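Taking it in order: structure first as structure tokens, then the write-up.
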Amino acid sequence: MEQVKYRLRLNCSATTLNHSPALSLACHPTTPCPIVSGVSIAAEFAGDGSLCLRYRISGDPAKMRLPTAQPPGTADNLWQHTCCEAFIATGAGGQYREFNFSPSGAWAAYQFNAYRQRDSHFVAAAAALITFNRHAAGFDLLARLPPQLLPPLAACELGIAVIIESGDASKSYWALAHCGEQPDFHCRQSFTLALTPNIP
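For the sequence shown, the numbering used here begins at 95 and goes up steadily by one.
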């Protein structure tokens, strides 16, 4: 499968994401989802080194199963329900980080030393900030990752993914690129968004 590489160099703050180019995610062909008409992502580095991500899901929110709001904090297994995700890799090594953002306000961060080999000693050094907005045409989720949460980087490759749970509990899997017959967001070949921070 031919992979498309997107390269962006952006000067941003969280408030300028509406002016950033939005990239469309594709639904995996094995998990069609007629209740969702589109999923997109806009990504920027802020002046303080934070990574800002805006997920926009278009469709009928009444037919989506959205997690109940809860106090912000970390939680595991967020991917089992509607969830936005980001995978960040740097350099040629096999290491990468996974971030999960739930409409509930919960989030998670994981370090992997190689494909699906999780580093059990990794502890997040800061908290992700999540803003969720549900509206008649779908919902937006804005996630801001402070520099302390990010791997040391001068440039990075991102895999962007979204899981949508429908009212009947079925799930669809969306990503910038799908590399296998089944959804697999950990596949390095699907980290197709190249992003460079603005370093003075």
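In this text, a Cβ means the ideal position worked out from N, Cα and C, and glycines have one as well.
Computed from a predicted model, the values in this text were never measured in an experiment.
#1: Ignore the nearest five residues each way along the sequence and tell me which others in Gln164's own chain have a CB closer than 8 Å to its CB.
#2: State yes or no: is the C-beta of Phe206 within less than 9 Å of the C-beta of Leu235?
#3: Taking the alpha-carbon positions, what's the His122 to Gln276 distance?
#4: Please report the residue range of the beta strand (DSSP E) in which Gly153 lies.
#5: Report the CB separation of Ala180 from Leu147 in whole angstroms; it is logged as a contact under 8 Å.
#6: Where DSSP assigns a beta bridge to Cys178, which residues make up the other side?
#7: Per DSSP, Gly232 forms a beta bridge with which residues?
#8: Roughly how many angstroms separate the alpha carbons of Ile135 and Ser214, rounded to a whole number?
The structure says:
#1: For the purposes of this step, residue 164 is taken as the residue at position 70 of the sequence shown. Excluding residues within five positions, the ones whose Cβ falls inside 8 Å are Ser198, Gly199, Ala200.
#2: Mapped onto the sequence shown, residue 206 falls at position 112. Mapped onto the sequence shown, residue 235 falls at position 141. Contact: no.
#3: Taking the sequence shown and counting its residues from 1, one reaches residue 122 at position 28. Taking the sequence shown and counting its residues from 1, one reaches residue 276 at position 182. So the alpha carbons of these two residues sit roughly 8 Å apart.
#4: Locating residue 153 in the sequence shown gives position 59, where the first residue counts as 1. Segment 145-153, the beta strand (DSSP E) holding Gly153.
#5: To locate residue 180, count along the sequence shown from 1; it is residue 86. To locate residue 147, count along the sequence shown from 1; it is residue 53. Contact between Ala180 and Leu147 holds: their C-beta atoms lie close to 6 Å from each other, under 8 Å.
#6: Taking the sequence shown and counting its residues from 1, one reaches residue 178 at position 84. Beta-bridge pairing links Cys178 to Phe195, Val256.
#7: Position 138 of the sequence shown holds residue 232. DSSP, once it has assigned bridges, lists Ser152, His229 as partnering Gly232.
#8: Here residue 135 refers to the residue found at position 41 of the sequence shown. Here residue 214 refers to the residue found at position 120 of the sequence shown. The C-alpha of Ile135 lies about 29 Å from the C-alpha of Ser214.
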